[in-house]
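Enquirer:
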Amino acid sequence: MTVEECHKMAEEKAATTAVLLEETRVFHPPKELAENSNVMQWMKKKGFTSEREMRAWTGQHYIEFWDEMAKTYADWFEPYAQILEWKPPYARWFVGGKCNVAYNAVDRHAKGAKKDKVAYIFVPEPTDQQVRKITYLDLYKAVNKFANGLKSLGVKKGDRVSIYMPMIPETPIAMLACAKIGAIHSVVFSGFSAGGLQSRVLDAEAKVVVTTDGFYRRGKPLPLKPNVDEAVQNAPSVEKVVVVKRAGLDVPMKEGRDIWYHELVANQPDECETEKMDSEDRLFILYTSGTTGKPKGIEHVHGGYCVTPAQTTHWVFDLKDDDVWWCTADVGWITGHSYVVYGPLCLGATSILYEGAPDYPDFGRWFSIIQEHKVSVFYTAPTAIRMFMKAGEQWPQKYDLSSLRLLGSVGEPINPEAWIWYRKYFGSDRCPIMDTWWQTETGCFVVSPLPITPLKPGSPTFPLPGFNTDIYDEDANPVPPGQGGNIVNPTPWPSMLRAFYKDPERYMKEYWQMYWDIRPGVYLAGDKATRDKDGYFFIQGRIDDVLKVAGHRISNAEVESALVSHPAVAEAAVIGKPDEVKGEVIVAFVILREGVKESEDLKKELAKHVRSVLGPVAYPEIVYFVKDVPKTRSGKIMRRVIKAKALGNPVGDISALANPEAVDAIPLIK
Ligand code: WT7
């Protein structure tokens, strides 16, 4: 995207969504909870008397603030010499420090008072299988064994390891084992198919892939390993595939390449030296979707990850020693990285790790887990809340949810109705909801309430301590209340992305170019938002061509290129259609090749093809055949125009299109 295109897109979005938001309901946190909260203790110590003052001060003094947080939340092998070196667009934090996030997450607890504390309560999907409680000492030994196993396969510091696994304990164990020896993990969501996995393995040039034979979904064991076999066929970097036996499936093992996890770790010692990493050494790559079809490899580092996930979990979700934390996100996404693995473990917390579907065997499953394990802090996505809303309040009402004290939401804007329902039926009209706005790129929450913040439904409230997040117009001026603009971070933060793997140009272009000429070093998040008169943020969605389907981030271009890879398809345009439960669903407009006959069966086949190329997350709900799609003179598909026409909204000025008549042919979708 050029700067002009970027401006134009922001302008167009502003024109279509400039609704003045006025949410007048305010929900105050229970007094006792606010008074005893972790953030309040810190405020008292520092002499802050108001939240606003504290947020403002920590923003202004962000370097000093993050220095204190780094010393509070992380242990360092060697102290850093400099807090921040900021040469936009590159930041280095805690320069010269030596640390390892696996040490902070596991070693120090296993060697201290928390060694017998439960780190994970693993709940398998099949109800007849035993819940497994894994203590910090258990975790320590398991991580060490697998770290030694990886070493025995020749994995060294800086090597990439792809992890393609369901929600089982071996997934965090594999991530931590990589971190421990300084290898870089690249977790690929197990809902991606062979194609999605392959592009990520190829880009990362992974030496080892860790996977399972299969996994349980809605009571059935489904195979996973065959996807790996297909994906690594043409991936010359892959030397070994390690397979965890999870579903008891009979899978082919390739001689010399494939090894069973249990055999690999069987004779490994349960001690392993923790690599002393530089603060800026890479911890992981996580691929996410951007404007183009090629997923971008977001790089995160050890130093930042030792600090912000733990600090934000502690401040926003107020974790105390006896809390039971449940973040329902899959470890395959950033939420799982920061808030199932690194944040809670660095704090020495107890977390639920649930393997399966929220509605298996019925809609009561999540509630039964909350009841049985006395979950006290619960963090999920709006799409799940809306699914339960649809299923009905009889489900939460059947269970005792009184252990809950705080709730959270993430992934997409939460509509006020869902917010109120969540508060009422999960939270007994008592639990505050932490609506956390952040991204794969930010590594931790950025705009979010604290347990002391008066809440407005549908608002993630204010920038967190240490952030100067703002909403800019195109001239880099903060927008007045009620007006839409771009979310930006004008100052760096410790867990910010450091780069795109092997693609520095794109890093510059996607995040920093927009305001570079006016003020270098302003991070463009890619979301639009407004603020109300009280300064509350309201998120209005992406400014780029990125879809949010059930909270999953998918680029329109990715789905289009999957469609075009089918022999019947000449061209395709993909848009998101608003959906009551999933937020958005995928709608595809397909131009068939000469001579190919249109049919309902072909529509089904194309949808299935996308599923097999990218995975179920990218499944198009509706496919239309069209003769043409509107394009710019330079040949760019105008998805915005297609979307407006398809949804029955004004299409705006289309005089600049190469083929304005194509707009008429776009059908109205139901
Ligand atoms: C995009 C990032 C980081 C968590 C999981 C998603 C949207 C995220 C919220 C929220 C409104 C939100 C934004 C953002 N988003 N949280 N609380 N309210 N929108 O990570 O896949 O990197 O997606 O998710 O559009 O840019 P991700």
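Going from the sequence shown to the working numbering is simple: count from 1 and add 1385.
Positions of the beta carbon are idealized from the N, C-alpha and C atoms, including for glycine.
None of these values were measured; they are calculated from a predicted model.
1) Determine the contact status of Tyr1886 and Asp1544, defining contact as a CB-CB distance below 8 Å.
2) What are the boundary residues of the alpha helix (DSSP H) that includes Glu1895?
3) For the structure I just gave you, are there three or more beta carbon pairs, one from the region 1566-1580 and one from the region 1502-1511, closer than 8 Å?
4) Which of the three DSSP states, helix, strand or coil, is assigned to Arg1815?
5) Where does Met2023 sit, in a helix, a strand or coil, going by DSSP?
6) Looking only at DSSP bridge pairs, what is Met1662 linked to?
7) I think Glu1969 touches Lys2028, with their Cβ atoms under 8 Å apart; what is that distance to the nearest whole Å?
8) Please report the Cβ distance between Ala1487 and Lys1565, rounded to the nearest whole angstrom; I am assuming they are in contact, meaning their Cβ atoms lie under 8 Å.
9) Of the residues Gly1688, Ala1803, Lys1416 and Gly1869, which one's Cα is nearest the Cα of Thr1768?
10) Work out the CA separation of Ile1960 and Ala1861 for me, nearest whole Å.
11) Confirm, please, whether the CB-CB distance from Trp1711 to Leu1704 is below 8 Å.
12) Give the range of the alpha helix (DSSP H) segment to which Val1998 is assigned.
13) Give the range of the alpha helix (DSSP H) segment to which Ser1753 is assigned.
14) If I measure Cβ to Cβ from Lys1541 and keep anything under 8 Å in the same chain, skipping five residues before and after, which residues do I get?
15) Which same chain residues, not among the five before or five after Glu1453, have their C-beta less than 8 Å away from its C-beta?
16) Of the residues Tyr1447, Glu1985, Ser1435 and Glu1658, which one's Cα is nearest the Cα of Lys1530?
17) The alpha helix (DSSP H) spanning Asp1588 covers which residue range?
18) For Leu1909, which beta-bridge partners are listed by DSSP?
19) Output the boundary residues of the beta strand (DSSP E) element that contains Pro1649.
20) Going by DSSP in three states, Trp1823 sits in which element: helix, strand or coil?
21) To the nearest angstrom, how far is it from the Cα of Ile2054 to the Cα of Ala1953?
22) Leaving out five residues on either side along the sequence, give the residues of the same chain with a beta carbon under 7 Å from the beta carbon of Ser1723.
23) Output the residue ranges of the beta strand (DSSP E) runs that lie fully inside the region 1830-1876 and measure 3 residues or longer, sorted by chain position.
24) In angstroms with no decimal places, state the Cα-to-Cα distance between Asp1655 and Ile1548.
25) How many whole angstroms separate the CB atoms of Met1819 and Leu1786, which I take to be in contact at a CB cut-off of 8 Å?
26) For Pro2045, collect the residues of the same chain with a Cβ closer than 6 Å to its Cβ; drop the 5 residues on either side in sequence, then sort them by chain order.
27) Would you decide whether Gln1515 is buried or exposed? Buried here means 16 or more other CB atoms lie within 10 Å of its CB.
28) Helix, strand or coil for Ser1674? Go by DSSP, reduced to three states.
29) Buried or exposed, going by whether 16 or more other CB atoms sit within 10 Å of the CB of Thr1434?
30) Give the straight-line distance between the Cα atoms of Val1404 and Ala1766, rounded to the nearest whole angstrom.
31) Identify the continuous beta strand (DSSP E) that holds Tyr1764 and give its terminal residues.
32) Once you ignore the five residues that flank Ile1976 on each side, which residues in its own chain have a CB closer than 8 Å to its CB?
33) Considering only the beta carbon of each residue, do Tyr1896 and Ala1884 sit closer than 8 Å?
34) Can you give the Cα-Cα distance for Val2036 and Asp1930, rounded to whole angstroms?
35) Excluding five sequence neighbours on each side, which residues of the same chain lie with their C-beta closer than 7 Å to the C-beta of Ser1622?
36) Compute the Euclidean distance between the alpha carbons of Ala2003 and Ser1950, then round it to the nearest angstrom.
Expert: Reading it off the structure:
1) no
2) Pro1889 to Tyr1896
3) no
4) coil
5) coil
6) Cys1484
7) With 8 Å as the limit, Glu1969 and Lys2028 do not qualify as a contact, their Cβ atoms being about 11 Å apart.
8) 4 Å
9) Ala1803
10) 29 Å
11) no
12) Glu1985 to Leu1999
13) Arg1750 to His1758
14) Ile1566, Gly1567 and Ala1568
15) none
16) Glu1658
17) Ala1579 to Ala1589
18) Val1873
19) Note on identity: in this sequence residue 1649 is Leu, with Pro being the wrong assignment. Segment Tyr1646 to Ala1651 is the alpha helix (DSSP H) holding Leu1649; no beta strand (DSSP E) there.
20) coil
21) 23 Å
22) Pro1694, Gly1828 and Cys1829
23) 1855-1857 and 1870-1874
24) 21 Å
25) That belief does not hold up - the Cβ atoms of Met1819 and Leu1786 are roughly 17 Å apart, past 8 Å.
26) Ile2039
27) exposed
28) coil
29) exposed
30) Note that Val1404 has pLDDT 42, beneath the 50 cutoff, so the model's placement of it is unreliable and the number below is only indicative. Rounded to the nearest angstrom, the two C-alpha atoms are 24 Å apart.
31) Val1762 to Thr1765
32) Val1954, Ala1955, Glu1956, Ala1957, Phe2010, Val2011, Lys2012, Asp2013 and Val2014
33) no
34) 17 Å
35) Glu1590, Ala1591 and Lys1592
36) 15 Å
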